[in-house]
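Numbers 1 to 111, taken from UniProt numbering, label the letters of the sequence shown in order.
Note sheet for the following structure.
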Amino acid sequence: MGDVSSGEHKRKREEKACKIMKKKWTQKEDVVLIAALSEMCNAGWKRENGIFKNGYTTALERKLKAKLPGCNIKASPHIESRLKLLKRQYDAIYARCSRYAMGRKRKRIDM
């Protein structure tokens, strides 16, 4: 019985730690992040295969600190997790728009 309760306590502590570390992004931070990514693409940080070069999240962290002093955004986990979320959202929107374009060819809207 003692093992179960100590396991539950450990799980609760880990959940609490995750909540403390969770970052809520503001719209301004998102705009600055996207602008910084765009700058990095233009500066040659993106390879021909569409993948960024190693160390790009650290460079993004430096750019965000310069443009948003006191923001405390770290490359890992903040920027990495935000980029994952933005990519998922972009892929979902792209897929939906692709279905819509196919529907236009058949003269109907498929959603």
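Virtual Cβ for every residue (Gly too), placed ideally from N, Cα, C.
(request) Report the residue from Glu-8, Leu-68, Ile-34 whose alpha carbon sits nearest the alpha carbon of Lys-84. (result) As a working mapping, residue 84 is identified with position 84 in the sequence shown. For Lys-84, the nearest C-alpha among the options comes from Ile-34.
(request) Using the Cα positions of Glu-29 and Ala-92, report the straight-line distance between them to the nearest angstrom. (result) Walking along the sequence shown from the start, residue 29 turns up at place 29. Walking along the sequence shown from the start, residue 92 turns up at place 92. Taking the straight line from one Cα to the other gives about 22 Å.
(request) Would you decide whether Val-31 is buried or exposed? Buried here means 16 or more other CB atoms lie within 10 Å of its CB. (result) As a working mapping, residue 31 is identified with position 31 in the sequence shown. Val-31 should be labelled exposed.
(message) Quick check on Lys-46: does DSSP put it in helix, strand or coil?
(response) The residue you call residue 46 lines up with position 46 of the sequence shown. Three-state DSSP puts Lys-46 in a strand.
(request) Go through the UniProt domain "Myb/SANT-like" (24 to 94) residue by residue and report every complete run of the alpha helix (DSSP H) that reaches 4 residues or more, in order. (result) With a minimum length of 4 residues, the continuous alpha helix (DSSP H) runs that stay inside the UniProt domain "Myb/SANT-like" (24 to 94) are 27 to 42, 56 to 67.
(request) State buried or exposed for Tyr-56, treating a residue as buried only when at least 16 other CB atoms are found within 10 Å of its CB. (result) Within the sequence shown, the letter at position 56 stands for residue 56. Of the residues assessed, Tyr-56 falls on the buried side of the cut-off, its CB having 16 or more other CB atoms within 10 angstroms.
(message) For Arg-88, would you say it is in contact with chain E, using Cβ-to-Cβ distances shorter than 7 Å as the test?
(response) Looking for chain E here will not work: only one protein chain is present.
(request) Would you kindly check if the distance between the Cβ of Lys-23 and the Cβ of His-78 is under 7 Å? (result) As a working note, residue 78 is residue 78 in the sequence shown. As a working note, residue 23 is residue 23 in the sequence shown. Cβ atoms of His-78 and Lys-23: closer than 7 Å.
(message) For the ligand NAP, is there any heavy atom lying closer than 6 Å to the beta carbon of Asn-54?
(response) The ligand NAP is absent from the structure shown, which contains no ligand whatsoever.
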